[in-house]
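Residue numbers (the UniProt record's numbering): 1 to 364.
Don't be surprised by glycine CBs; every beta carbon is placed ideally from N, CA and C.
The structure presented is a predicted model; accordingly, all values stated were derived computationally and were not measured.
As structure tokens, the structure follows; a few thoughts come after it.
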Amino acid sequence: MRTVLLIFILFAGSGHLRPQDVSLLFFGDIMGHGAQIESARQADDSYDYSSCFRYIEPTFRSAHIVTGNLEVTLAGPPYAGYPAFTSPDELGQALKEAGVNTLVTANNHSYDKGRRGMERTIDILEELYFVRTGTFKDSADFHLHNPKLIHIEGIRLALLNYTYGTNGIRVQQPNLVNHINKSEITEHIHKAQALNPDKIIVFIHWGKEYQTVPDLMQQETAAFLFDQGADIIIGSHPHVVQPMHLTVNAEGKEQLVVYSLGNFVSNQRKAYTDGGAMVRIELSKAADTTRITKAEHMLTWVHTPIEAGKKKYYILPASIYSQQGVPDFVPHGWEGMNSYLLKAREVMKNNTNIPEAREEWPLL
Numbered sequence: 001m002r003t004v005l006l007i008f009i010l011f012a013g014s015g016h017l018r019p020q021d022v023s024l025l026f027f028g029d030i031m032g033h034g035a036q037i038e039s040a041r042q043a044d045d046s047y048d049y050s051s052c053f054r055y056i057e058p059t060f061r062s063a064h065i066v067t068g069n070l071e072v073t074l075a076g077p078p079y080a081g082y083p084a085f086t087s088p089d090e091l092g093q094a095l096k097e098a099g100v101n102t103l104v105t106a107n108n109h110s111y112d113k114g115r116r117g118m119e120r121t122i123d124i125l126e127e128l129y130f131v132r133t134g135t136f137k138d139s140a141d142f143h144l145h146n147p148k149l150i151h152i153e154g155i156r157l158a159l160l161n162y163t164y165g166t167n168g169i170r171v172q173q174p175n176l177v178n179h180i181n182k183s184e185i186t187e188h189i190h191k192a193q194a195l196n197p198d199k200i201i202v203f204i205h206w207g208k209e210y211q212t213v214p215d216l217m218q219q220e221t222a223a224f225l226f227d228q229g230a231d232i233i234i235g236s237h238p239h240v241v242q243p244m245h246l247t248v249n250a251e252g253k254e255q256l257v258v259y260s261l262g263n264f265v266s267n268q269r270k271a272y273t274d275g276g277a278m279v280r281i282e283l284s285k286a287a288d289t290t291r292i293t294k295a296e297h298m299l300t301w302v303h304t305p306i307e308a309g310k311k312k313y314y315i316l317p318a319s320i321y322s323q324q325g326v327p328d329f330v331p332h333g334w335e336g337m338n339s340y341l342l343k344a345r346e347v348m349k350n351n352t353n354i355p356e357a358r359e360e361w362p363l364l
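This is the structure:
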């Protein structure tokens, strides 16, 4: 409850939306490869990730709830990238200072550093006042955070988070990681429904890596989630973008699925992996009905220039820069960004009712 109230205080003053209008922003995989850790390391051996989010921060701050997939542990030193990720705590601090307030933690790297690593990650997220769900210290923690109920501007949201697995690492008791298990998911969604939320959101780690088309398992799982009562499904894990759809079923219920948001930040540079997408969803509540009034996506790209002999990482709002013109600080990045946009836009041609963002998204 402490975290939920903090979010209300932080965002209740947003004057650009009418009462009982809420904006949600979702982004994909927050990775922490070794080169990223080295980039953040300072001369005094401290770490600073703030510059990474400099150009995307205004977009974060334009939404009430900003949610991403934390695909690293914050297990403490020694820090490491792939295959067993543990990043400095300063990564979490920089995300929070940039405007992120919600993180999901159930993914295949949740248990990279075992029980100690997962529990320490939870501790750091709690210290930074993040709303979080997906991994839990024990059954008491599970019941407190699963589902995670968020109250904002008169709207109640229930958030659930699942992963297909933890890279074969067995989760030790009493720790819990939400896995994609239909009977358990059904139970959790029914528990969420009993809380009378306006929307049920499922953030799910699924699919095949580097595939730009959702596989049969993703499609069948999405259909199952909708049948159980989910309203919004946000996907991660493939490290590339996949299509997103907003439809209305035969009963008139809105159903929004994003199959994969791709990489938000990483050191991956192969085709499709050097960027991702964010999806912004605006909800409006009138009487007892909450509807999606707008849904759109923004493509992002990770710019990695060499500055003072060190590789840097900047997440750029590529959709908007491609319309307004590339700023002066990206003189050698345009070709790479444009190449990414061309590929990603081909994927997004398969979207349904979730167009690419235009220029009204806030920029620095």
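Three-state secondary structure assigned by DSSP to residue i
i	result
threonine 73	strand
proline 58	helix
leucine 216	helix
asparagine 161	strand
residue 369	Past the boundaries of the shown model lies residue 369; the chain is included only from 1 to 364, so the question cannot be answered.
threonine 221	helix
tyrosine 272	coil
residue 385	In the structure displayed, the chain extends from 1 to 364; residue 385 sits before or after that span and is not available.
residue 368	Nothing about residue 368 can be reported from this structure: the residues present for the chain run from 1 to 364 only.
arginine 280	strand
aspartate 89	helix
glycine 28	strand
aspartate 112	coil
threonine 289	strand
asparagine 338	helix
tyrosine 321	helix
threonine 67	strand
serine 266	coil
residue 367	Given that the chain is displayed from residue 1 to residue 364, the structure contains no residue 367 and the question cannot be resolved.
leucine 17	At leucine 17 the pLDDT is 47, less than 50, meaning the model places this residue with poor confidence and gives no usable figure here.
glutamine 255	strand
leucine 125	helix
lysine 191	helix
asparagine 211	The residue asked about is misnamed: residue 211 is glutamine in this sequence, not asparagine. Note: glutamine 211 maps to coil in three-state DSSP.
glycine 235	strand
lysine 294	strand
arginine 170	coil
Straight-line gap, residue i to residue j (C-alpha atoms, nearest Å)
i	j	result
aspartate 288	alanine 222	26 Å
threonine 102	proline 77	24 Å
histidine 151	histidine 205	24 Å
lysine 312	isoleucine 306	6 Å
valine 302	asparagine 107	22 Å
threonine 135	tyrosine 210	25 Å
asparagine 146	histidine 190	12 Å
aspartate 141	glutamate 126	12 Å
glycine 34	lysine 253	44 Å
arginine 120	alanine 80	15 Å
asparagine 267	valine 202	27 Å
isoleucine 315	glycine 275	8 Å
histidine 237	glutamate 356	21 Å
methionine 118	glutamine 324	42 Å
alanine 63	histidine 297	13 Å
proline 88	valine 265	15 Å
lysine 349	glutamate 335	21 Å
leucine 128	alanine 250	43 Å
glutamine 172	arginine 116	10 Å
serine 322	threonine 59	16 Å
lysine 182	isoleucine 37	37 Å
serine 339	arginine 269	12 Å
valine 279	serine 139	32 Å
alanine 230	alanine 308	48 Å
tyrosine 82	histidine 239	14 Å
Beta-carbon proximity check, residue i vs residue j, cutoff 8 Å
i	j	result
valine 177	threonine 212	no
proline 197	arginine 170	no
glutamine 255	phenylalanine 226	yes
leucine 95	threonine 133	no
threonine 163	glutamine 228	no
isoleucine 233	valine 257	yes
valine 104	proline 243	no
isoleucine 30	leucine 70	yes
lysine 199	threonine 290	yes
residue 434	phenylalanine 85	One cannot answer for residue 434 here, as it falls past the ends of the chain, which runs 1 to 364.
residue 367	arginine 61	Not covered by the structure: residue 367. The range shown for the chain is 1 to 364.
arginine 41	tyrosine 49	no
serine 39	lysine 208	no
glutamate 153	valine 66	no
leucine 283	leucine 25	no
Cβ distance (whole Å) where residue i is taken to contact residue j below 8 Å
i	j	result
leucine 299	alanine 271	Not quite, the Cβ-Cβ distance comes to about 14 Å (not below 8 Å), so this is no contact.
leucine 246	isoleucine 292	7 Å
lysine 137	asparagine 175	6 Å
phenylalanine 130	glycine 68	Contact flag wrong, Cβ pair sits at about 10 Å.
isoleucine 354	alanine 295	5 Å
isoleucine 124	glycine 92	6 Å
glycine 32	valine 72	4 Å
#### Entry: 3-residue-minimum beta strand (DSSP E) runs that sit fully inside the region 127-155, ordered along the chain
131-133 and 148-152
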